[in-house]
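*Asks:* One structure, pasted below without further comment.
Number of protein chains: 2
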Amino acid sequence: FTMSLFVYCIGSMYCLVKFAPLFLAVAVCNGWLFGDFVGKRSELDEISLWPLPQKFQSSAVAFKLSPARFQIVQAKQSSAGPSCSILENAFRRYFEYIFGDLKKPEKSRKKVYDSDLVELQVWVTSADPECDGFPSLQTDESCEFFPSASVLHCAVTSMLSNPMNDRQRLETFSQLVYEDDYGVNNINKTDISDFPRFAHRGILLDSSRHFLPLKVILANLEAMAMNKFNVFHWHIVDDHSFPYMSRTFPELSQKGAYHPFTHVYTPSDVKMVIEFARMRGIRVIPEFDTPGHTESWGNGIKDLLTPCYSDSSPSGAFGPVNPILNSSYDFMTQFFKEISTVFPDAYIHLGGDEVDFSCWESNPDIQRFMVQQGFGTDYSKLESFYIQRLLDIVAATKKGYMVWQEVFDNGVKLKADTQIHVWKGRPQYQDEMAQVTAAGFNALLSTPWYLNRISYGQDWVNIYKADPQNFTGTDAQKKLVIGGEACLWGEYVDATNLTPRLWPRASAVAERLWSDKSVTDVDNAYNRLVQHRCRMVKRGIPAEPLFVGHCRQEYKGL
Amino acid sequence: FTMSLFVYCIGSMYCLVKFAPLFLAVAVCNGWLFGDFVGKRSELDEISLWPLPQKFQSSAVAFKLSPARFQIVQAKQSSAGPSCSILENAFRRYFEYIFGDLKKPEKSRKKVYDSDLVELQVWVTSADPECDGFPSLQTDESCEFFPSASVLHCAVTSMLSNPMNDRQRLETFSQLVYEDDYGVNNINKTDISDFPRFAHRGILLDSSRHFLPLKVILANLEAMAMNKFNVFHWHIVDDHSFPYMSRTFPELSQKGAYHPFTHVYTPSDVKMVIEFARMRGIRVIPEFDTPGHTESWGNGIKDLLTPCYSDSSPSGAFGPVNPILNSSYDFMTQFFKEISTVFPDAYIHLGGDEVDFSCWESNPDIQRFMVQQGFGTDYSKLESFYIQRLLDIVAATKKGYMVWQEVFDNGVKLKADTQIHVWKGRPQYQDEMAQVTAAGFNALLSTPWYLNRISYGQDWVNIYKADPQNFTGTDAQKKLVIGGEACLWGEYVDATNLTPRLWPRASAVAERLWSDKSVTDVDNAYNRLVQHRCRMVKRGIPAEPLFVGHCRQEYKGL
Numbered sequence: 001f002t003m004s005l006f007v008y009c010i011g012s013m014y015c016l017v018k019f020a021p022l023f024l025a026v027a028v029c030n031g032w033l034f035g036d037f038v039g040k041r042s043e044l045d046e047i048s049l050w051p052l053p054q055k056f057q058s059s060a061v062a063f064k065l066s067p068a069r070f071q072i073v074q075a076k077q078s079s080a081g082p083s084c085s086i087l088e089n090a091f092r093r094y095f096e097y098i099f100g101d102l103k104k105p106e107k108s109r110k111k112v113y114d115s116d117l118v119e120l121q122v123w124v125t126s127a128d129p130e131c132d133g134f135p136s137l138q139t140d141e142s143c144e145f146f147p148s149a150s151v152l153h154c155a156v157t158s159m160l161s162n163p164m165n166d167r168q169r170l171e172t173f174s175q176l177v178y179e180d181d182y183g184v185n186n187i188n189k190t191d192i193s194d195f196p197r198f199a200h201r202g203i204l205l206d207s208s209r210h211f212l213p214l215k216v217i218l219a220n221l222e223a224m225a226m227n228k229f230n231v232f233h234w235h236i237v238d239d240h241s242f243p244y245m246s247r248t249f250p251e252l253s254q255k256g257a258y259h260p261f262t263h264v265y266t267p268s269d270v271k272m273v274i275e276f277a278r279m280r281g282i283r284v285i286p287e288f289d290t291p292g293h294t295e296s297w298g299n300g301i302k303d304l305l306t307p308c309y310s311d312s313s314p315s316g317a318f319g320p321v322n323p324i325l326n327s328s329y330d331f332m333t334q335f336f337k338e339i340s341t342v343f344p345d346a347y348i349h350l351g352g353d354e355v356d357f358s359c360w361e362s363n364p365d366i367q368r369f370m371v372q373q374g375f376g377t378d379y380s381k382l383e384s385f386y387i388q389r390l391l392d393i394v395a396a397t398k399k400g401y402m403v404w405q406e407v408f409d410n411g412v413k414l415k416a417d418t419q420i421h422v423w424k425g426r427p428q429y430q431d432e433m434a435q436v437t438a439a440g441f442n443a444l445l446s447t448p449w450y451l452n453r454i455s456y457g458q459d460w461v462n463i464y465k466a467d468p469q470n471f472t473g474t475d476a477q478k479k480l481v482i483g484g485e486a487c488l489w490g491e492y493v494d495a496t497n498l499t500p501r502l503w504p505r506a507s508a509v510a511e512r513l514w515s516d517k518s519v520t521d522v523d524n525a526y527n528r529l530v531q532h533r534c535r536m537v538k539r540g541i542p543a544e545p546l547f548v549g550h551c552r553q554e555y556k557g558l
Numbered sequence: 001f002t003m004s005l006f007v008y009c010i011g012s013m014y015c016l017v018k019f020a021p022l023f024l025a026v027a028v029c030n031g032w033l034f035g036d037f038v039g040k041r042s043e044l045d046e047i048s049l050w051p052l053p054q055k056f057q058s059s060a061v062a063f064k065l066s067p068a069r070f071q072i073v074q075a076k077q078s079s080a081g082p083s084c085s086i087l088e089n090a091f092r093r094y095f096e097y098i099f100g101d102l103k104k105p106e107k108s109r110k111k112v113y114d115s116d117l118v119e120l121q122v123w124v125t126s127a128d129p130e131c132d133g134f135p136s137l138q139t140d141e142s143c144e145f146f147p148s149a150s151v152l153h154c155a156v157t158s159m160l161s162n163p164m165n166d167r168q169r170l171e172t173f174s175q176l177v178y179e180d181d182y183g184v185n186n187i188n189k190t191d192i193s194d195f196p197r198f199a200h201r202g203i204l205l206d207s208s209r210h211f212l213p214l215k216v217i218l219a220n221l222e223a224m225a226m227n228k229f230n231v232f233h234w235h236i237v238d239d240h241s242f243p244y245m246s247r248t249f250p251e252l253s254q255k256g257a258y259h260p261f262t263h264v265y266t267p268s269d270v271k272m273v274i275e276f277a278r279m280r281g282i283r284v285i286p287e288f289d290t291p292g293h294t295e296s297w298g299n300g301i302k303d304l305l306t307p308c309y310s311d312s313s314p315s316g317a318f319g320p321v322n323p324i325l326n327s328s329y330d331f332m333t334q335f336f337k338e339i340s341t342v343f344p345d346a347y348i349h350l351g352g353d354e355v356d357f358s359c360w361e362s363n364p365d366i367q368r369f370m371v372q373q374g375f376g377t378d379y380s381k382l383e384s385f386y387i388q389r390l391l392d393i394v395a396a397t398k399k400g401y402m403v404w405q406e407v408f409d410n411g412v413k414l415k416a417d418t419q420i421h422v423w424k425g426r427p428q429y430q431d432e433m434a435q436v437t438a439a440g441f442n443a444l445l446s447t448p449w450y451l452n453r454i455s456y457g458q459d460w461v462n463i464y465k466a467d468p469q470n471f472t473g474t475d476a477q478k479k480l481v482i483g484g485e486a487c488l489w490g491e492y493v494d495a496t497n498l499t500p501r502l503w504p505r506a507s508a509v510a511e512r513l514w515s516d517k518s519v520t521d522v523d524n525a526y527n528r529l530v531q532h533r534c535r536m537v538k539r540g541i542p543a544e545p546l547f548v549g550h551c552r553q554e555y556k557g558l
C-alpha cells in the first residue's frame, strides 16, 4: 500500500516537523519516475496554471490518479469533521472536474501501484473550522503545496488552517492534473507557495438592466472560483428594474421588476446565491445604489423620488431620491436594516455615482431647502448631505461600506474603513488612486476593467496590463489598495451572451489581482490562458476563444 | 364547423377566382371581431414582423388558435402529397414554434368555435412539387397572405407554387401569431404581399479558424430560416485547419484538421448540414479558397504548396498553391470533381482573396516561370494564370462560381454568370460595386457586414443602414446586385460565443436584403427587432440583446 500525500500548509517548517513520523511510514515509491513516460510530458501542462502561483517548482516525478481509487478526504487529524459541507462540497466538485462525471470509485479496483496517487488529504488545523462561516476580507488565502522531501515522492496531503481557502488549493491541485497520452490523469510533484497579491478580487454583475436568471449567476460564480475571484459584487437593482424581492417592502419588486414573478430574486434565490458563493469562498456584496440610479424604486415607494418640475409645475418625471424628506431616511433605515441581515458580508456597496442634479434644480422645495442649508447652488453639497445621512444609517447596522469614487470626490465624511471604488477617468485612473490612498482610504480599482466595453481583437492584453498599484504614491498608499473588480454592466448583456463575454477576459483581471506584480509576460500569459479557457470550457463554462485555435473538448452548448 | 383558411398565393386574382366556390361554402364567422378583446390588442404584435414584408395590412379581426385543434396540413388539392418531407418537416417545426413543445393536438377537444382558426392549409400548385429538390438562386420566394374578401374572415389557407418557399410563408404566419392576456394564441386577419428584394441573402461561417460543432451550424441554420436568409456560405477550410473530410483525399483532414476525428466534418455531417438547410429553403455554398489561405492543405498533399526560399535555399515554409506544377491542377481537377458532387448547389465559392506574393517571389523556379511566361515581376499575372486554369477546371464540372473581388480586380477572364463578392474597402464599397456591375457581372456585397468586427454599443444600426445598391450606376447595374452576405470570420468565435455574436446583428442584414429599399426607419426597426430577438430566444437561439430590457421568456441556457 502506497499512501500518497501532497502537502498543503501554512507554515512549511511546521508541516515538515509535524508530518515527519507519518512520512517515514510511507513506502518510497518509484512510480514512473524512472519509467518510459518521463521526458515525454509536455511543458504545456505546467504552464496552464491560472492565475500563476506566487512561487512554484514542478519536477518530472509524476503520479497517476485512478478514478477508481483516488479520493479527496479529510485527514484523520482534521478539526473540521465529516459534516463540514464547505469541504465535502468542494471535494465532490473537484473530483468531478478532474475525472468528469461519468466515472466513480469502484471498490473492486482497489489494487494500488507504486506510481499511484491515491489520496488527497485535507487537514484543517484551526480550532474553529468555520464550516458554517462566511469568507471575509480577512480570510487567509495563502497556501502551500510542499511534497519536496525525498520520502514524499508519492505523498500528497493538504493541510488547511481554514476550510474557506481550500477552494483555492483544490483549484490549484486540479490545475496541476493533466492527461497523458493514454488519457490517464497524472500529477507531477510540485512545490507551491501561494497567496493572493490583493485581498479583494471581484466581479460586478448587473441584474437590473437585464434580469439574469439564477442559472447564469451560479455558473459565473463557478467560473469565478476557477479564477480565484473572491467577491461577487451584485449590482442587483438600478433605474431599469428592481428584481430584489424585499420582505419589508415587497412593492419594490412587485412594481419595479420587469415582471413581479418571473424576473425577481426571491429571498430563497438570494440565499441560494450566497450559499453557492460561500461554498466557493466567494463573498457576496450587494449594491443598492442611491440617491441616483433609483428610477425603479419609485414605482413601489411613494414620495421616495424627487418630483421634477417643468415651468413651475411637476412634470410627472422623477429624479434621484428626495433628500429633503424625513420619510426618505425612514425608508432607508428600514430597508438597509433588512439588507444588513439578508446579506452576511461585512460590507454593503452604497453606490453614490452619477447623481443628475437637473431634477433637484427644477424643484422649488429643493431650492428652498438649499437656501435654508446655505448650500447656495452647489448641489453636490445636497448630494453629500444625503449620503452623509445614509452612511450614518448603514453604519448603525454595523456594516462597512463601499462607495463609488464620487462620494469621496465630493468630500463626504467617511468612516476610516470605507472602501472607495475607482471607476472614472478611463484610461487614466492614477490620480484618483493616489488621492484616495493619500487620504488614507482603502481603494478598489475598476476603471480599466469595464469589461462591458468590448472591441475587436485581443482586448484582454490591455486588461491584463493594467495594475492597481501603478500610480505615484508611498508604500503606505500602495498598501491601501485592497484590490479591484471587473465590471460587466448590463446594457448589452443578458443570459444569451454574458458568460462568453466575461470569460476569459475577466481571467486577465484575476491574474493581475492574484499573482505577483512581476507576472506581466503577455506571451506566457497567452499560452496559459488559452489552456485555462479550454479548461473552463471543459467544465461547462462557455468561455470565448482568445484567438485562432481549438480546444480538445469544444463547448457542447450553443 | 368553421373551416378556417388563410390565403397564401402567387397570383392574387387567380386565387380569388379559383377559390371562390370553396369560400362560399365557408361559414361566416363572428369570432371575437365584435367581442370584448377588439381594441385591447397591442400594436406591438403587428410591428414585430421581421424582416418587414413588402406590403401588409393588418385588421382588428382576430382568430384564436387552439393547440388542441389547430393544424397545419396540405390542402386536398395540393400536388405535393403526404410524403413531401420538406413540407411535413416545416409543419411540425412551425407548430412547435407557435405552441411550444409541451402541447399536442387532442382528439377529445375537437369542439370548434366560430372564432377559431383551425387549420392552415398549404396548397402546392406546381406540377413538379420539388419536394426532393434543392433551393436555388431562381427559387420563387414571393408569397401572399390574402384573406381580405368579406367571406374570408375566418379563412386561412396557404397556396404554394413550390414547397421551397413555404418556409418564408410559415415563418411569416408564425410571426403573425401573438398571445392575448390569457396566453391564448391569436392571429389577426392580415393581407400580405411579399417577396425578397434580393435573391441571395447569405451568412458566412468560418469553420477553419475555429472548428464549429455540427450543433452550432444547425442552430444557426435555424436562426437563418427565422430571418429568411437563404444561403449558407460555408467557409469550411482555410490556413488554420482543414476539417472537410474528403473521400478522394482523406489525408487532407487527417493531417490538416485540428484533430482527425473530433474536429472534422464527415461526409455524413456534410449531408446532414445540406439536408437541414434544404428543409429550410437554404442553399449551402461551400468555399474552398485557393491559391492563398491554403496552409492546412499542404499538410496532406505533397508539393501542393509553393516552397518558400530564404538565401537561395528552401526555408521550410510554404506559400500559396504552387501554380507552375501540373500536379497542382491535377489535384484541383480531382478535388473539385468531388466537391461538385458532394454539394448540390449550382455555385461553388472559389475564394481567390489575399494572395501573398512574397513566397512566390522568393522561389527560383517560380521566378524562371515568370520569365518564360513574360509576366515580368507582376505576380498578379501569375495569380491570374492560376485562377484562370482553376476556373476552367470548375467550369468543366458544370458549376457556377463565386469569387472574392480580387479575382475581378486582377482582370481574370470570368464566365458571364460569375458572382463577384465585394468585401474590401471598408467602409467605402461603392466604387467596387459600380465597377463590377459596369463590367456586367453579378455583385454580392459583404464589406459593411463583417460581423466579426464588434464594437461597444448598438452597432446593428450601421449594419442596418448599409445598402448594396447605394452606388452610382444605371438601373441595369443595380439589377446586377443579387444580394449580400453577413460574414462572421472565425478568429474570435467558436461554439461558446458565435450564436449571440451573430444574432440579432445579422437580422439587420436580413431585413436590408429582404424588405423594400424604403424600409430604413431605425426606430421602427428597433421596436420590431427587440421583439424578433425575443422570439428567437424563445425558440432556443441565444440572440443577444440590442439594449436594456427584457424578454418574457429569457434564454434558458448559458
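As they're listed, the protein sequences go chains X and W. Everything in the first sequence is counted per the UniProt record's numbering, starting at 1 for the first residue and increasing by one. Everything in the second sequence is counted per the UniProt record's numbering, starting at 1 for the first residue and increasing by one. No residue lacks a Cβ here, since even glycine has one placed at the ideal position from N, Cα and C.
According to DSSP, simplified to helix, strand and coil, what is X/Val371?
*Replies:* Here the question's residue 371 of chain X lines up with position 371 in the first sequence. Of the three classes helix, strand and coil, the one that applies to X/Val371 here is helix, per DSSP.
*Asks:* Run through DSSP, which three-state label would W/Arg278 get?
*Replies:* Taking the first residue of the second sequence as position 1, residue 278 of chain W is located at position 278. In the structure shown, W/Arg278 sits in a helix (DSSP, three-state: H, G or I).
*Asks:* Who are the near neighbours of W/Asn452 in its chain, counting only those whose CB is closer than 6 Å to its CB and skipping five residues on each side?
*Replies:* By one-based count along the second sequence, residue 452 of chain W stands at place 452. The residues are Leu488, Trp489.
*Asks:* Residues of chain X with a CB under 8 Å from the CB of W/Pro542: which are they?
*Replies:* By 1-based counting over the second sequence, the position of residue 542 of chain W is 542. Per Cβ cutoff of 8 Å: Ala495, Thr496, Asn497, Leu558.
*Asks:* Is there a C-beta anywhere in chain B that falls below 9 Å from the one on W/Ile454?
*Replies:* No chain B appears in this structure, whose protein chains are X and W.
*Asks:* Quick check on residue 566 of chain X - is its C-beta less than 9 Å from some C-beta in chain W?
*Replies:* Because chain X spans 1 through 558 in this model, residue 566 of chain X falls outside it and cannot be assessed.
*Asks:* Quick check: what's the CA-CA separation for X/Leu117 versus X/Arg512?
*Replies:* Position 117 of the first sequence holds residue 117 of chain X. Position 512 of the first sequence holds residue 512 of chain X. Each residue's alpha carbon lies about 32 Å from the other.
*Asks:* When DSSP labels each residue in this structure, what does W/Gln477 get in the three-state scheme?
*Replies:* Taking the first residue of the second sequence as 1, we reach residue 477 of chain W at position 477. It is helical.
*Asks:* Who are the near neighbours of W/Arg278 in its chain, counting only those whose CB is closer than 6 Å to its CB and skipping five residues on each side?
*Replies:* Position 278 of the second sequence, counting from 1, holds the residue named residue 278 of chain W. Closer than 6 Å at Cβ, skipping near neighbours: Phe134.
*Asks:* For the region 258 to 281 of chain X, which residues have a CB atom closer than 7 Å to at least one CB atom of chain W, in sequence order?
*Replies:* From the region 258 to 281 of chain X, only Tyr258, His263 have a Cβ closer than 7 Å to chain W.
*Asks:* Please state the DSSP three-state secondary structure of W/Lys179.
*Replies:* Against the second sequence, residue 179 of chain W aligns to sequence position 179. The question names Lys, yet the displayed sequence has Glu at residue 179 of chain W. Of the three classes helix, strand and coil, the one that applies to W/Glu179 here is strand, per DSSP.
*Asks:* I need the straight-line Cα distance from X/Pro21 to X/Leu87, nearest angstrom please.
*Replies:* Translated into positions along the first sequence, residue 21 of chain X becomes position 21. Translated into positions along the first sequence, residue 87 of chain X becomes position 87. Here the model assigns X/Pro21 a pLDDT of 25, short of 50, so the residue's position is not dependable and the matter cannot be decided.
*Asks:* Of the residues W/Phe318, W/Pro291, W/Leu445, which one's Cα is nearest the Cα of W/Ser380?
*Replies:* Taking the second sequence and counting its residues from 1, one reaches residue 380 of chain W at position 380. Nearest option by C-alpha distance: W/Pro291.
*Asks:* Just the Cα atoms here: how many angstroms apart are W/Ala508 and X/Met433?
*Replies:* Working through the second sequence from its first residue, we reach residue 508 of chain W at position 508. Working through the first sequence from its first residue, we reach residue 433 of chain X at position 433. Cα to Cα, the separation comes out at about 43 Å.
*Asks:* If you measure between the beta carbons of X/Tyr94 and X/Glu171, is that distance less than 9 Å?
*Replies:* The residue labelled residue 94 of chain X in the question sits at position 94 within the first sequence. The residue labelled residue 171 of chain X in the question sits at position 171 within the first sequence. Yes; because the gap between Cβ atoms is below 9 Å, this pair is in contact.
*Asks:* Return the chain-ordered list of same chain residues with a C-beta closer than 7 Å to the C-beta of W/Leu221, the five sequence neighbours on each side being excluded.
*Replies:* By 1-based counting over the second sequence, the position of residue 221 of chain W is 221. Closer than 7 Å at the Cβ level, and outside the excluded window around W/Leu221, lie Phe232, Phe276, Ala277, Arg280, Ile282.
*Asks:* Going along chain W in order, which residues have a C-beta closer than 7 Å to the C-beta of X/Val509?
*Replies:* Sequence index remark: in the first sequence, residue 509 of chain X carries index 509 (1-based). Result: empty, since nearest Cβ-Cβ is about 18 Å, beyond 7 Å.
*Asks:* Given this structure, state the Cα-to-Cα distance separating W/Lys465 from W/Ala506, to the nearest angstrom.
*Replies:* Residue mapping note: residue 465 of chain W aligns to position 465 of the second sequence, counting from 1. Residue mapping note: residue 506 of chain W aligns to position 506 of the second sequence, counting from 1. Taking the straight line from one Cα to the other gives about 13 Å.
*Asks:* Could you tell me the boundaries of the beta strand (DSSP E) in which W/Gln138 lies?
*Replies:* Against the second sequence, residue 138 of chain W aligns to sequence position 138. Unbroken run through W/Gln138: none, as it is neither H nor E.
*Asks:* Does DSSP put W/Val412 in a helix, in a strand, or in coil?
*Replies:* As a first step, residue 412 of chain W is located in the second sequence; it is residue number 412 there, counting from the start. Three-state result, W/Val412: coil.
*Asks:* Which residue comes first and which comes last in the beta strand (DSSP E) that contains X/Glu119?
*Replies:* Counting from one through the first sequence, the residue named residue 119 of chain X turns up at place 119. 119 to 124 is the extent of the beta strand (DSSP E) around X/Glu119.
*Asks:* Which residues in the same chain as X/Asn442 place their Cβ atom closer than 6 Å to its Cβ, once the five residues preceding and following it in sequence are excluded?
*Replies:* Taking the first residue of the first sequence as position 1, residue 442 of chain X is located at position 442. Here the set comprises Gln419, Leu480, Ile482.
*Asks:* When the cut-off is 9 Å and only beta carbons count, does X/Phe547 lie next to chain W?
*Replies:* The residue given as residue 547 of chain X occupies position 547 in the first sequence. Yes, X/Phe547 lies at the interface with chain W (some Cβ there is under 9 Å from its Cβ).
*Asks:* Taking the straight line between their C-alpha atoms, what separation do you get for W/Gln435 and X/Ser518?
*Replies:* Position 435 of the second sequence, counted from the start, is the residue given in the question as residue 435 of chain W. Position 518 of the first sequence, counted from the start, is the residue given in the question as residue 518 of chain X. If I take the Cα positions, the gap works out to 55 Å.
*Asks:* In the DSSP output, which residue or residues are listed as bridge partners for W/Arg201?
*Replies:* Along the second sequence, one-based indexing puts residue 201 of chain W at 201. DSSP output for W/Arg201 lists W/Gly484 as bridge partner(s).
*Asks:* Residues of chain W with CB under 7 Å from X/Ala219, in chain order?
*Replies:* Numbered from its first residue, the first sequence carries residue 219 of chain X at position 219. Those are Leu558, listed as they occur along chain W.
*Asks:* Using a threshold of 9 Å, state whether the C-beta atoms of W/Gly557 and X/Ala543 are closer than that.
*Replies:* Along the second sequence, one-based indexing puts residue 557 of chain W at 557. Along the first sequence, one-based indexing puts residue 543 of chain X at 543. No. Outside cutoff.
*Asks:* Please report how far the alpha carbon of residue 559 of chain W lies from the alpha carbon of W/Arg69, in whole angstroms.
*Replies:* Given that chain W is displayed from residue 1 to residue 558, the structure contains no residue 559 of chain W and the question cannot be resolved.
*Asks:* Note the first and the last residue of the continuous beta strand (DSSP E) segment covering X/His532.
*Replies:* Translated into the one-based positions of the first sequence, residue 532 of chain X becomes position 532. Element bounds for X/His532: not the beta strand (DSSP E) but the alpha helix (DSSP H), 522 to 538.
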